[in-house]
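These notes concern the structure reproduced below.
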């Protein structure tokens with residue numbers, strides 16, 4: 435296996451996680467959560483969404499969150515956008531990174547974005563151009579790469595075609611997402627190997643959900659295929675409204691712990707990360723299902739498997 | 435990654451799992467459980483233990499279990515033994531396979547077997563010789579290869595030395611066990627790569643616990659290193675009396691599911707396997723913590739990620 439010395443974790447819980455919660459989280463609590471995560475060493479965030487509050491009411495306070503975040507931590511706060519209006523808002527709010535989203539499958543694209551893939555992609559070029567001009571990094575997130583609740587598993591050629599059309603806009607940070615948690619390690623290895631070979635100038639990231647306990651196995655397969663950037667969500671927050679039994683994202687604490695055990699640096703202080711995990715569990719007011727807790731860290735600490 | 439087309443699963447729940455349960459399981463229920471697992475397609479079992487009932491009272495009914503098991507399923511029923519008296523009992527009970535156990539660390543060996551490693555190993559040669567004469571396969575299980583609650587992580591040379599002394603007795607089926615669930619994929623890859631290179635005539639198996647959610651990631655690393663036989667336990671039964679926070683073995687249903695998703699055949703019918711998982715949960719009368727249930731299988735069935 436080809437394992438690296440270091441990987442980067444993008445914390446997506448404040449956006450991908452909180453948007454799905456039944457509980458309204460007040461702005462100061464969101465800020466406290468992101469600050470706690472930054473204090474634990476996380477350096478990249480999908481911090482909020484600049485999509486219309488009509489669609490994502492839980493994140494209607496995007497500007498207020500950005501304004502209140504600590505800006506002396508070295509962390510890069512990004513935001514999800516759906517169009518140029520969102521880009522305008524994100525830029526004005528001071529983000530350094532924006533994410534755009536499309537699906538690998540028409541069924542999920544229509545359900546999630548109410549438009550076909552081609553139409554969504556046609557909106558990426560002007561955002562990519564503005565990002566280059568403004569020095570804002572643009573990430574593109576492709577949903578349902580490994581399986582879709584409507585269309586099943588997209589053929590490899592379809593995934594590659596979506597990547598190709600994104601790369602043609604000049605966007606060179608692309609995340610392949612297992613939106614409903616159906617990926618398996620063989621498939622993950624095959625798709626990332628094909629994608630990285632076909633698009634050597636693109637930096638690929640992986641976004642896994644832990645619906646069926648395979649997220650960390652998929653991480654290992656993605657590491658072996660050369661992936662060095664992973665999305666995760668504190669406490670395993672998140673889900674997919676179109677796949678009710680889909681669990682949340684892989685938990686940041688599980689990912690950071692697993693990587694640390696393999697001797698792969700992330701810059702994260704696990705003890706402080708667990709403080710943040712306890713905070714988010716209080717905020718959402720329901721139990722979260724990460725695999726790691728302090729008791730288990732203790733087992734690791736006792737035997738130090740490195 | 436080097437992934438095979440087929441792997442073999444050894445079901446150890448009836449021995450490694452039930453010996454740790456607070457509840458006494460009546461003999462007919464044990465037989466029903468093993469029969470249900472055999473009906474689901476499992477073909478190798480650590481079905482019971484022929485260690486003195488003084489040490490493992492929950493498995494005092496070894497002979498009665500063996501006598502009642504269905505012998506028309508093609509399944510091979512094995513038993514754990516500690517010495518030649520155990521071998522005699524196992525042979526008389528009609529097992530086809532026996533397992534002997536030692537630890538990679540002195541601390542665990544003394545705690546678990548009350549003797550130093552060298553003394554335990556000295557008992558293996560006569561059992562190996564009798565196994566060859568009788569046509570009984572002898573498996574050796576090395577505990578705490580990846581970490582020990584008393585001695586930490588054993589040096590690679592110590593693990594290799596224990597394997598070497600076992601192989602010298604003629605035993606060529608050796609299981610490397612992560613007894614307390616502290617292994618990580620990098621370590622798993624490294625140890626199995628070293629062991630398989632050093633002992634090409636030995637067939638290695640892997641035994642993982644899912645204490646910290648890394649079991650399936652470790653399975654992927656072991657597959658990549660050439661391992662083709664895995665222990666697992668229905669419902670994730672099991673634990674380690676010397677590491678109270680250690681979770682059980684990787685659940686057979688999680689392992690079989692993960693392998694099936696990767697297109698790796700095990701001969702197991704997942705639906706019938708979940709019947710057995712539900713049975714064992716009723717028998718032990720407490721919730722088990724496998725990651726897969728029928729609801730999640732449904733997600734997989736809907737999108738068929740192969």
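Chains as they are written, first to last, in my numbering: chain P, 435 to 740; chain G, 435 to 740.
Quick reminder that beta carbons are idealized off the backbone N, C-alpha and C, glycines included.
Bear in mind that the values here come from a model prediction, so they are computed numbers and not experimental data.
Residue from the options with nearest C-alpha to residue i
i, options, result
"residue 652 of chain G", "G:688, G:669 and G:633", "G:688"
"residue 445 of chain G", "G:664, G:699, G:649 and G:585", "G:664"
"residue 593 of chain P", "P:602, P:545, P:578 and P:605", "P:578"
"residue 485 of chain P", "P:469, P:521, P:470 and P:537", "P:521"
"residue 508 of chain P", "P:476, P:550, P:586 and P:656", "P:476"
"residue 468 of chain G", "G:672, G:637 and G:502", "G:502"
"residue 681 of chain G", "G:656, G:705 and G:645", "G:645"
"residue 670 of chain G", "G:630, G:700 and G:715", "G:715"
"residue 510 of chain G", "G:604, G:459 and G:443", "G:443"
"residue 626 of chain G", "G:659, G:517 and G:435", "G:659"
"residue 525 of chain P", "P:637, P:500, P:601 and P:628", "P:500"
"residue 519 of chain P", "P:607, P:564 and P:543", "P:564"
"residue 493 of chain G", "G:458, G:695 and G:708", "G:458"
"residue 533 of chain P", "P:473, P:600, P:505 and P:591", "P:600"
"residue 530 of chain P", "P:636, P:479 and P:537", "P:479"
"residue 631 of chain P", "P:598, P:455, P:516 and P:548", "P:598"
"residue 643 of chain P", "P:668, P:637 and P:635", "P:668"
"residue 609 of chain G", "G:466, G:703, G:712 and G:662", "G:662"
"residue 695 of chain P", "G:553, G:437 and G:620", "G:620"
"residue 569 of chain P", "P:605, P:555, P:591 and P:539", "P:605"
"residue 728 of chain P", "P:462, P:712, P:719 and P:721", "P:712"
"residue 602 of chain G", "G:542, G:590 and G:555", "G:555"
"residue 721 of chain G", "G:461, G:588, G:455 and G:465", "G:455"
"residue 437 of chain G", "P:553, P:618 and P:726", "P:618"
"residue 483 of chain G", "G:504, G:447 and G:463", "G:447"
"residue 504 of chain G", "G:489, G:488 and G:462", "G:462"
"residue 517 of chain G", "G:553, G:464 and G:528", "G:553"
"residue 515 of chain P", "P:666, P:638, P:464 and P:558", "P:558"
Contact belief for residue i with residue j at Cβ below 8 Å, rounded distance in angstroms
i, j, result
"residue 717 of chain G", "residue 684 of chain G", "Between residue 684 of chain G and residue 717 of chain G the Cβ distance is about 20 Å, and since that is not below 8 Å, they are no contact."
"residue 611 of chain G", "residue 576 of chain G", "6 Å"
"residue 648 of chain G", "residue 692 of chain P", "6 Å"
"residue 672 of chain P", "residue 513 of chain P", "About 16 Å; that fails the 8 Å criterion."
"residue 535 of chain P", "residue 700 of chain P", "Between residue 700 of chain P and residue 535 of chain P the Cβ distance is about 25 Å, and since that is not below 8 Å, they are no contact."
"residue 640 of chain P", "residue 629 of chain P", "That belief does not hold up - the Cβ atoms of residue 640 of chain P and residue 629 of chain P are roughly 10 Å apart, past 8 Å."
"residue 614 of chain G", "residue 581 of chain G", "6 Å"
"residue 470 of chain G", "residue 710 of chain G", "4 Å"
"residue 573 of chain P", "residue 546 of chain P", "About 17 Å separates the two Cβ atoms, so there is no contact after all."
"residue 523 of chain G", "residue 496 of chain G", "7 Å"
"residue 473 of chain G", "residue 706 of chain G", "6 Å"
"residue 551 of chain P", "residue 596 of chain P", "7 Å"
"residue 702 of chain P", "residue 439 of chain P", "Residue 702 of chain P to residue 439 of chain P, Cβ: 15 Å. No contact."
In DSSP terms, what residue i is bridged to
i, result
"residue 575 of chain G", "G:535 and G:609"
"residue 513 of chain G", "G:482 and G:532"
"residue 638 of chain P", "P:608"
"residue 443 of chain G", "G:664"
"residue 643 of chain P", "P:683"
"residue 586 of chain G", "G:582"
Contact set between residue i and chain P, taken where Cβ atoms lie within less than 8 Å
i, result
"residue 653 of chain G", "651"
Chain G contact residues for residue i, given Cβ-Cβ distances below 7 Å
i, result
"residue 658 of chain P", "435"
Cross-chain neighbours of residue i in chain P, by beta carbon under 9 Å
i, result
"residue 670 of chain G", "Those do not exist, as residue 670 of chain G stays about 10 Å from chain P at its closest Cβ, beyond 9 Å."
"residue 544 of chain G", "Simply none; closest approach about 17 Å."
Proximal residues of chain P, C-beta to C-beta of residue i below 7 Å
i, result
"residue 623 of chain G", "435"
"residue 454 of chain G", "Result: empty, since nearest Cβ-Cβ is about 17 Å, beyond 7 Å."
"residue 620 of chain G", "437, 696 and 697"
Within-8 Å CB hit, residue i to chain C
i, result
"residue 579 of chain P", "The structure shown has no chain C; the protein chains it does contain are P and G."
> Taking only runs of the alpha helix (DSSP H) that begin and end inside the region 669 to 711 of chain P, which ones reach a length of at least 4 residues, in chain order?
Replying inline: Runs of the alpha helix (DSSP H) inside the region 669 to 711 of chain P: 686 to 695.
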